[in-house]
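Right, one structure below, let's go through it.
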Amino acid sequence: MSERYTPLYFLAALGAGGLAVTFFLYLMFWIPHPGQSVPVFEDIAAAFAAGGLGVKAMIGLAYAGIAFFAVLHIRLLIWNLREYAGFRRTVAYSALRSGNAETQLLAVPLTLAMAINVGFILGLVFVPRLWSVVEYLFPLAMVAFLAVGGYAFLLLGDFFGRVLTKGGFDCARNNSFSQMLPAFALSMVAVGLSAPASMSVTPLTAGISYIASSFFMVSAVILGAVALFLGFRSMMEHGANEEAAPTLWVAIPIMTVLSIAMLRQSHGLHVHFADHAGAAESFTMLTNMVAVQVLFGLFGYVVLRRLGYFARYVWGDLRSPGSYALVCPGVALSVLLQFYLNKGLVEVGLLAKFSPAYWAITAVALVLQAASVWLVLRLNAKHFAARETAPRVAAAE
């Protein structure tokens, strides 16, 4: 694509990776996995052997979904890395590095962090006896996430070093939440770094995981808050940027990954450091996070509907790479609903697991998942299968 490329296309790979996670949650919450906080190949094989037709069908669907979207994620990631390498030699790349849109580059570490998470899920469900060597893998995973996080901070250093010494940031064109992309990238690194805190049996590994993930969580919250207020102020004066309007939902995936990171940290504190925070604390935190997601969901929907975004960029002929930002909120809300149900409502005793009410809430998460699957396939058809025939619009600031 050369100069027509934009780093926002990394969001296509990100969405596919997120959908692989949604299928993993079937196994996470619906089959027993004693001895560790996540299901592994042996747990899944035992459940498949002992389960009825429904259980076997669920496991088969989960495996198919994980495999399909993991492969799609990897293919799109490789395509993006190849295109990005060529894009860096163009005039368009130099122009991007001199304007508001420079923070689009954070889509690269964001997607790389997702790739590590997807790789971990593939190992859990497809590799026998992985858990016997997992304590050796946790330090390697943390090094990988720290490398991605370091890359993100290098990009942020270039951006803030430029705008805070030379100026030039166009506040009038910041009429969206696109500047929250760095917060999303840092929160994705944080959730990856928090995994050993929850899963490792080694206190030192868990402690380093807790400290490192806390740093990236705090960084994400601070940068996200600054970008939120700057973007909201600009939108109040100039109205929302039509093409960047999907970023109004970016707070939804940020809340999901931060919530999972906090759950992991809390579990690690309980196991290794004598902290006895219980189900009520998790329920409270998850309730608040879901409330934030619903608020931003309603706010974003009102603006997107009034702009006619869905009719033009999803159903219609117009193409915008920013449309892929619509995938993450549906995936993220589906994921957090599953956690809220299983780690919140069930744990405090408000609902019984596998009761009719349990499945009613699960159905909402599954509808969001199905809608996200459809959206990924729809956008891929518009942007890749018919790339030369659909009208093209410029990448949003």
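Everything in the sequence shown is counted per the working numbering, starting at 685 for the first residue and increasing by one.
For every residue, glycine included, the Cβ atom is placed at its ideal position computed from N, Cα and C.
Just the C-alpha distance for residue i and residue j, rounded to the nearest angstrom, thanks.
i: S882; j: L745; result: 27 angstroms
i: C1012; j: I936; result: 8 angstroms
i: Y1024; j: K850; result: 45 angstroms
i: L1084; j: R766; result: The question about residue 1084 has no answer here: the residues shown for the chain are numbered 685 through 1081.
i: S1056; j: L703; result: 8 angstroms
i: V1048; j: S878; result: 27 angstroms
i: F694; j: F752; result: 18 angstroms
i: A734; j: P718; result: 15 angstroms
i: F983; j: N858; result: 18 angstroms
i: I743; j: I1045; result: 20 angstroms
i: Y820; j: L760; result: 29 angstroms
i: L870; j: A904; result: 5 angstroms
i: L790; j: G736; result: 45 angstroms
i: V974; j: V755; result: 30 angstroms
i: S686; j: V873; result: 29 angstroms
i: L914; j: L942; result: 21 angstroms
i: A1041; j: L1029; result: 11 angstroms
i: L1035; j: G749; result: 28 angstroms
i: H1082; j: P1005; result: Residue 1082 lies beyond the range of the chain shown here (685 to 1081); nothing can be said about it.
i: L711; j: G923; result: 43 angstroms
i: Q720; j: V1051; result: 29 angstroms
i: G1014; j: S860; result: 19 angstroms
i: A995; j: D1001; result: 9 angstroms
i: I715; j: A909; result: 38 angstroms
i: N1026; j: A779; result: 47 angstroms
i: R773; j: E786; result: 15 angstroms
i: E926; j: P866; result: 21 angstroms
i: M946; j: F967; result: 12 angstroms
i: M798; j: R917; result: 31 angstroms
i: D727; j: W815; result: 11 angstroms
i: A697; j: V955; result: 35 angstroms
i: R813; j: T889; result: 20 angstroms
i: V818; j: L796; result: 21 angstroms
i: T971; j: W999; result: 33 angstroms
i: C855; j: Y993; result: 23 angstroms
i: A853; j: M919; result: Note on residue identity: the sequence assigns Phe, not Ala, to residue 853. Going from the Cα of F853 to the Cα of M919 covers about 15 angstroms.
i: K740; j: F713; result: 15 angstroms
i: W1043; j: A1054; result: 16 angstroms
i: V847; j: A911; result: 14 angstroms
i: V811; j: T940; result: 27 angstroms
i: A1074; j: A1065; result: Since pLDDT at A1074 reaches only 43, below the 50 mark, its modelled position is unreliable, and the value read off the structure follows with that caveat. Distance between the alpha carbons of A1074 and A1065: 10 angstroms.
i: E1031; j: I800; result: 29 angstroms
i: R1003; j: S898; result: 38 angstroms
i: A700; j: I938; result: 17 angstroms
Starting from residue i, trace the alpha helix (DSSP H) both ways and give me its first and last residue.
i: P930; result: Taken as a continuous stretch (DSSP letters only), P930 belongs to no alpha helix (DSSP H), as it is neither H nor E.
i: V640; result: As displayed, the chain neither begins before 685 nor continues past 1081, which places residue 640 out of reach and without an answer.
i: M872; result: L865 to L877
i: R948; result: A935 to H956
i: L695; result: F694 to W714
i: G841; result: V818 to K850
i: S778; result: V775 to L780
i: E726; result: F725 to A734
i: N858; result: Segment: none, N858 is in no alpha helix (DSSP H) and carries neither H nor E.
i: P793; result: A791 to F810
Item checked: Ordered list of alpha helix (DSSP H) runs contained in the stretch 887 to 933, each at least 4 residues -> Fully enclosed alpha helix (DSSP H) runs of 4 or longer: 887 to 922.
Margin query: Which complete alpha helix (DSSP H) runs does the stretch 988 to 1074 hold, if anything under 4 residues is left out?
Written below: Those alpha helix (DSSP H) runs which fall completely within the stretch 988 to 1074 and span 4+ residues are 1011 to 1023 and 1040 to 1064.
Checklist line | Contact between the stretch 984 to 999 and the stretch 926 to 940 (3+ Cβ pairs under 8 angstroms) | finding: Contact between the stretch 984 to 999 and the stretch 926 to 940 is present, because at least three Cβ pairs lie under 8 angstroms.
Item checked: Three-pair Cβ contact test at 8 angstroms for the stretch 836 to 853 versus the stretch 799 to 815 -> Result no; under three Cβ-Cβ pairs closer than 8 angstroms.
Notebook entry, point to check: Counting pairs of beta carbons, one from the stretch 960 to 970 and one from the stretch 887 to 899, are three or more of them closer than 8 angstroms?
Noted result: The stretch 960 to 970 is not in contact with the stretch 887 to 899.
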